[in-house]
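Under the working numbering, the first residue of the sequence shown carries the number 924, and numbering increases by one thereafter. What follows is a set of notes on a single structure, which appears directly below.
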Amino acid sequence: TTTQFPAMALAMNPTGDGLAVFATHDNMALQAATRAPGAASFSVPISLAPATAQAPSVAIDDAGDGVAVYDAGLSPAAMVQARGFDATPPSIDSVSIPPSAKAGVSTALAAAATDTWGPVTESWSFGDGSAGATGASVTHSFAKAGTHTITVTATDAAGNTASRSGSIKVAAGKPVVSKASIKPKRF
């Protein structure tokens, strides 16, 4: 009798991030789990490939991002597949928040964010109780004067986030006269 051991690969970086690829308990599929630094255990496993997968190999960088590579086919029709594991939040490379604005006047804001693994979405909070906005470049009109903290949050496809904030001093706009009347003086 021959005993076949399930395929397994493990990678750890110096800070304690880990990535493991291993067969399910019944050897019917290949799965992966990650471990954050200081965590007591690995994450709930996610499915990678059916039982025919073999020869897994993993790597992880110092930031905790990893990749699992495995043969997902049967010989002689081998099919190599790879799956990335994104542990790093996006980088907010620049933010443009003007130092001042006027109430009632549209103000332009912009941010540039990048991520190693994929797309990034930006969301904005204006600090004035109004609804936020999404996009790399947005405009907002503040209703009242005051100092407001504006925050932009960049989110990558894995749900990792990074935020940057800045203050804007909003001055009162010019009053608008909606009704005026003149009364003649008496002599």
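Just so it is clear, CB atoms sit at the ideal spot from N, CA and C, and this is done for glycine as well.
Residue ALA991 holds the alpha-carbon nearest to the alpha-carbon of ASP1009 among ALA991, PRO1022, SER1019.
DSSP places TRP1047 in the uninterrupted beta strand (DSSP E) bounded by 1043 to 1048. Burial is judged here by how many other beta carbons sit within 10 angstroms of a residue's own beta carbon; ASP949 has fewer than 16 and is exposed.
In this structure, the beta-carbon distance from VAL967 to LEU942 does not fall below 8 Å.
By the neighbour-count definition (other C-beta atoms within 10 Å, threshold 16), ALA963 is an exposed residue. With respect to the C-alpha of VAL1093, the residue from ASN1083, PRO1021, ALA1056, VAL1061 having the closest C-alpha is PRO1021. Note that the C-beta distance between PRO1013 and VAL1061 is not below 8 Å. Closest by C-alpha distance to GLY987, out of HIS1071, ARG958, GLY1041, is ARG958.
Around the beta carbon of VAL944, 16 or more other beta carbons lie within 10 angstroms, which makes this residue buried. HIS1071: member of the beta strand (DSSP E) spanning 1069 to 1079, first to last residue. Assignment of PHE965 by DSSP, reduced to helix, strand and coil, places it in the coil class. TRP1047 and GLY1055 do touch by the CB rule: their CB atoms are close to 5 Å apart, below 8 Å.
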